[in-house]
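Undergrad:
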Amino acid sequence: MQVGIIGTGYVGLVVGACLAETGNHVVCADIDEEKIYSLQQGQSPIYEPGLEPLLRHNLSEKRLGFTTDVGACVEHAEVIFIAVGTPADEDGSADLQHVLSVAETIGKHLNEEKIIITKSTVPVGTAAKVREEIERHTSQPFHICSNPEFLKEGDAVEDFMRPDRIVIGVESDQVKATLEELFSPFVRSGNPMIFMDIASAEMTKYAANAMLAVRISFMNQIAALCEKAGADVDLVRRGIGSDPRIGRAFLYAGAGYGGSCFPKDVRALVRIAEEMGIDMSLPRSAQEWNDFQKEIVLRKLTGELGDDLSGLRIAIWGLSFKPETDDLREAASLTVIPKLIERGAEVAAHDPKGMESARTELPPEVEYAPDEYAACEGADALLILTEWLQYRRPDLGRIKTLLKRPLIVDGRNLFRPETMEGLGFTYLSIGRRDVR
Ligand code: NAD
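The sequence shown begins at 181 in our numbering and counts up by one.
(1) Going by other Cβ atoms of all chains shown within 10 Å of its Cβ, with 16 needed for buried, is G305 buried or exposed?
(2) How long is the line joining the alpha carbons of G623 and V264, rounded to whole angstroms?
(3) Look up G602 in the DSSP assignment and say whether it is helix, strand or coil.
(4) I'd like to know if the stretch 423-440 and the stretch 452-460 are in contact, where contact means that at least 3 CB-CB pairs between them fall below 8 Å.
(5) Taking E241 as the reference, give the member of P518, N204, R578 with the closest Cα.
(6) Considering only heavy atoms of the ligand NAD, does any lie closer than 7 Å to the CB of H278?
(7) Is T247 near the ligand NAD, with its Cβ less than 7 Å from a heavy atom?
(8) Between E361 and the rest of its own chain, which residues show a CB-CB distance below 8 Å, the 5 nearest in sequence each way excluded?
(9) Got a sec, what are the start and stop residues for the beta strand (DSSP E) S326 sits in?
(10) Could you give the residue range of the alpha helix (DSSP H) that holds D471?
(11) If you draw a straight line from the C-alpha of V589 to the C-alpha of R572, how long is it?
(12) Please work out which residues of its chain come closer than 8 Å, Cβ to Cβ, to G524, disregarding the five sequence neighbours upstream and downstream, and give them in chain order.
(13) For I475, I'd like the list of residues in its chain whose CB is within less than 8 Å of its CB, leaving aside the five on either flank, ordered along the chain.
(14) Which residues share a DSSP beta bridge with M376?
(15) Throw me the rounded Cβ distance for the T566 and S500 pair, which I believe falls under 8 Å.
(16) Take I295 as the anchor and find which of T202, K309, S326 has the nearest alpha-carbon.
(17) For the ligand NAD, is there any heavy atom lying closer than 7 Å to the beta carbon of A209?
(18) Where in the stretch 540-612 do unbroken runs of the beta strand (DSSP E), each at least 3 residues long, occur, reported from the N-terminal end onward?
(19) Short of 7 Å in beta carbon distance, which residues of its chain neighbour V416, apart from the five on each side in sequence? Order them along the chain.
(20) According to DSSP, H205 sits in a beta bridge with which residue or residues?
(21) Give the straight-line distance between the Cα atoms of A257 and Q354, rounded to the nearest whole angstrom.
(22) Just to check my reading of the structure: F366 and R342 have Cβ atoms closer than 8 Å, yes? What is that Cβ distance to the nearest angstrom?
(23) I'd like to confirm something about A263: is its beta-carbon nearer than 7 Å to some heavy atom of the ligand NAD, or not?
(24) I'd like to know whether the C-beta atoms of K385 and T301 end up nearer to each other than 8 Å.
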């Protein structure tokens, strides 16, 4: 099939590469010239495991191409995915300007009957707006559908290649058959392709993200209670997660959720509901608690060292919002590090993949360490914000000798309090007993 992808970010790029890998001819378009230039050279502008080899393979097989000419991409394709960003507007609602601007370009370049798919996360009713915008510029027939994306950054290629489910909102059997054919290579193991109406597909994505955000904030609230009550949230998690009605995933207490999706999608859902006269108190309070939770390591640190951090040096492990990505959007580091600097601290940070993006996102005073041990040299405390694999089993003895004082505030509960006690650390984690 001839496929066009508009928007080559974390989603568009993965979708494009995976659809090319299954034999389609894919053209990906983006208005970001630098990104497209690097993609044309086979270099991924983002870090996503397994993505670059897919890009190179399909470029060399000539099944994948990149262009800044969005109109040409529209003309090439039978099926067009809109995968541009939908950031939060000032009032929390989803900003649809990029989606609608793409719809305008599609309308202007529609040269025959095509299928237009909104892949971006959009509020209910957006497909109708996209349709109206396209119709303003063309009299060609076309089909609109919604195919929300559930991939997780850090696992995106694997998630797209072997999805739990594919959700597709369609209005015609003919389109349904075409999309069944396009997506069939990804559901060979029997995971479902779930067809529904467009509004339900649009709503499914927000409902999924809000549910996951609520689970995380719920566990963070339980963690706060565990600290007061002398319980251990890790044991509570194991105790409840083995109930199949609850399940084990997404029950980890920590320094709050971030990323390009949960915070903005939860806010957008709350906003949509407000407009429709529904008070979505559960997701709203999950988001409010998360905003509070993102500063938990800072509160624990100042509880130990005082509010004035002048002259103190703080090591940070982890800048990205989760492991295996270079994406810093809404990461805890963006909340915590500027506040450390405001309080007079020097910051030495390390992240395996996120340091390049961090240089433009974080204050210029931040020092970047070549490895996790160098970050600890002469530091008064180590704060752990992201659970990268390489941080999970470090040489703790070496860290103790590198730190000026043996204080670790662990926002991801990587170590056992007993171990840290044995090694003589002051160790503060989330929802578990403090070690001093
Ligand atoms: P992103 O910011 O990484 O990429 C968006 C891309 O769209 C950018 O490269 C930008 O230059 C391009 N763009 C903007 N306007 C354009 C235009 N008019 N024409 C062509 N290109 C244009 O965004 P992302 O993380 O890939 O997310 C895209 C959508 O997918 C969002 O709606 C997001 O909520 C949703 N989503 C994201 C994830 C995720 O993990 N990142 C997962 C599921 C769904």
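We put the beta carbon where it would ideally sit given N, CA and C, even for glycine.
TA: Taking the coordinates as given:
(1) exposed
(2) Here the chain has residues from 181 to 616 only, and residue 623 is not among them.
(3) helix
(4) no
(5) N204
(6) yes
(7) no
(8) M181
(9) 322-326
(10) 461-473
(11) 14 Å
(12) D488, L489, S490, G491, L492
(13) As written in the sequence, residue 475 is Glu, which differs from the Ile given in the question. These residues qualify, in order along the chain: T515, V516, K519.
(14) G349
(15) 6 Å
(16) S326
(17) yes
(18) 561-564, 587-590, 606-608
(19) I402, C406
(20) Q182
(21) 17 Å
(22) 7 Å
(23) yes
(24) yes
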